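A short write-up of the structure that comes next.
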Amino acid sequence: ITELWWKTGLVKHTPLQQGQKRKLNALDIAYLKGCIEWTLDIYTTELQQELEDACGISVSEPTIKCTLH
Numbered sequence: 003i004t005e006l007w008w009k010t011g012l013v014k015h016t017p018l019q020q021g022q023k024r025k026l027n028a029l030d031i032a033y034l035k036g037c038i039e040w041t042l043d044i045y046t047t048e049l050q051q052e053l054e055d056a057c058g059i060s061v062s063e064p065t066i067k068c069t070l071h
């Protein structure tokens with residue numbers, strides 16, 4: 003850090019990119035939770051299809067499971 007300061011007179015913090023961009027936003031997650039509240043015994047495959055039909059988003063079953071846990 004001091005070497006950079008001596009060379010440029012500046013020290014700029016460059017944040018690291020963390021992970022991938024999220025596939026589901028807050029509205030999509032709220033939709034999934036609403037589906038679960040409406041039908042308590044809904045399967046992840048059914049949630050996957052509901053999300054694709056209603057929101058036009060195609061995600062995997064593990065993505066749905068991880069999002070809801």
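Residue numbers (my numbering): 3 to 71.
All C-beta atoms, glycine included, are put in the ideal place defined by N, C-alpha and C.
Every value quoted in this text rests on a predicted model; they were computed, and no experiment measured them.
Short Cβ contact (8 angstroms threshold) for residue 67 with residue 46: For residue 67 and residue 46, yes; Cβs fall inside 8 angstroms.
Does the separation of the CB atoms of residue 44 and residue 53 fall below 8 angstroms? In this structure, residue 53 does not lie closer than 8 angstroms to residue 44 by Cβ.
Whose C-alpha, out of 56, 55, 12, 34, is nearest the C-alpha of residue 65? The shortest C-alpha separation from residue 65 is found at 34.
Rounded C-beta distance between residue 49 and residue 37? I'm assuming under 8 angstroms. In this structure residue 49 touches residue 37 by the C-beta definition: roughly 6 angstroms separates them, less than 8 angstroms.
Simplified DSSP assignment, three categories, for residue 12: In the structure shown, residue 12 sits in coil (DSSP, three-state: anything other than H, G, I, E or B).
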